[in-house]
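**Student:** I'd like to ask you about the structure that follows.
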Amino acid sequence: AQSVTQPDIHITVSEGASLELRCNYSYGATPYLFWYVQSPGQGLQLLLKYFSGDTLVQGIKGFEAEFKRSQSSFNLRKPSVHWSDAAEYFCAVGAGGFKTIFGAGTRLFVKA
Amino acid sequence: AAGVIQSPRHLIKEKRETATLKCYPIPRHDTVYWYQQGPGQDPQFLISFYEKMQSDKGSIPDRFSAQQFSDYHSELNMSSLELGDSALYFCASSQMGQGTEGGYTFGSGTRLTVV
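Residue numbers (our numbering), protein chains in the order written: chain U, 80 to 191; chain R, 9 to 123.
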């Protein structure tokens, strides 16, 4: 069965520091992979997506993610975090049909 | 640019009451998806519609029903509300069922509180 695991419930980084959020997926075929960001009380916003091609994908707000098939991972990175990046981040996989499966989310805290 | 519009933003209902949530997709989007997000939880897929027909079904309780209308807006009807139905309900839309491939555009959600 398809699943998404985000091992870190929350992460705290200093403003200006680099960030990496982990995501592992389980999916039989080539997956459609996504990262979404959710600010408190808001809807989810698509940061980036991957299906094929270059395994390093660029997204909005300076985020990027790297697909590693051998590790079944799709980790999200940002070289320098801004205070406004504090939010919850969800990794997701297109599960076929019309549904998408989300990970449990990682809450990012940014300290000054 | 126009986004996905959900109404109401907030809703408070008592147990055993009914609630109707509305979703207006982005213009020219023909597919809508409903998700439920409990406190501190990840979004759980409820149901989706493509061209006014149910296209997929997830963990939607039998007490809930939904439909998509001719103008592509969708309504989620919830009856016999329970305390555990308190959650944020998101609607998303896409073209031609491509949300699972191209990603969704989500609305801001309806926060339902059952007391």
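The beta-carbon is built from N, C-alpha and C at its ideal position, and this holds for glycine as well.
Considering only residues of the same chain and omitting the five flanking positions on each side of Asp93/R, which have a CB-CB separation below 6 Å?
**Tutor:** Val122
**Student:** Quick one: does Ser63/R have its CB under 8 Å from some CB of chain U?
**Tutor:** yes
**Student:** For the segment 81-119 of chain U, list the beta strand (DSSP E) runs that are entirely contained and at least 3 residues long, ordered along the chain.
**Tutor:** Complete beta strand (DSSP E) runs here, min 3: 82-84, 89-93, 98-100, 103-105, 111-117.
**Student:** Whose C-alpha, out of Ser118/U, Gly107/U, Leu155/U, Gln117/U, is nearest the C-alpha of Ser97/U?
**Tutor:** Leu155/U
**Student:** Could you tell me how far apart the beta carbons of Leu127/R and Ala27/R are, in whole angstroms, since I believe they sit closer than 8 Å?
**Tutor:** Examination of residue 127/R is not possible in this model, given that chain R is present from 9 through 123 alone.
**Student:** How far does the beta strand (DSSP E) with Ile20/R in it reach, from first residue to last?
**Tutor:** 18-21
**Student:** For Lys128/U, does the count of other Cβ atoms within 10 angstroms reach 16, so buried, or fall short, so exposed?
**Tutor:** buried
**Student:** Contact criterion: CB-CB distance below 8 Å. Does Gln121/U meet it with respect to chain R?
**Tutor:** Closer than 8 Å to some Cβ of chain R, the Cβ of Gln121/U qualifies, so yes.
**Student:** Going straight from the alpha carbon of Ser152/U to that of Cys102/U, what length do you get?
**Tutor:** Going by the C-alpha atoms only, they are around 6 Å apart.
**Student:** If you draw a straight line from the C-alpha of Asn85/R to the C-alpha of Gly115/R, how long is it?
**Tutor:** 17 Å
**Student:** Measuring straight from C-alpha to C-alpha, what distance separates Val12/R and Asp70/R?
**Tutor:** Between Val12/R and Asp70/R, the C-alpha separation is close to 26 Å.
**Student:** Which residue marks the beginning of the beta strand (DSSP E) containing Asp64/R, and which one marks its end?
**Tutor:** Its beta strand (DSSP E) spans residues 61-65.
**Student:** For a test of the three-state rule: what should DSSP assign to Ile55/R, helix, strand or coil?
**Tutor:** strand
**Student:** Trp162/U: buried (16+ other C-beta within 10 angstroms of its C-beta) or exposed?
**Tutor:** exposed
**Student:** Closer than 8 Å, CB to CB, is Tyr129/U near chain R or not?
**Tutor:** no
**Student:** For the structure I just gave you, are there three or more beta carbon pairs, one from the segment 162-172 of chain U and one from the segment 29-47 of chain R, closer than 8 Å?
**Tutor:** They do not touch, by the three-pair rule.
**Student:** Applying the 10 Å Cβ sphere with the 16-neighbour rule, what's the burial state of Ser56/R?
**Tutor:** buried
**Student:** How far does the beta strand (DSSP E) with Ser15/R in it extend, from its first residue to its last?
**Tutor:** 13-15
**Student:** Is the separation between the beta-carbon of Lys21/R and that of Leu91/R shorter than 8 Å?
**Tutor:** no
**Student:** Could you tell me which chain U residues have their CB closer than 9 Å to the CB of Asp50/R, listed as they occur along the chain?
**Tutor:** Val83, Gln85, Phe169, Ala171, Ile180, Phe181, Gly182, Ala183, Gly184
**Student:** Just how far apart, CA to CA, sit Gly110/R and Ser93/U?
**Tutor:** A direct Cα-Cα distance of roughly 32 Å separates Gly110/R from Ser93/U.
**Student:** Under a CB-based cut-off of 8 Å, is Tyr111/U close to chain R?
**Tutor:** Interface with chain R (8 Å Cβ-Cβ cutoff): Tyr111/U is included.
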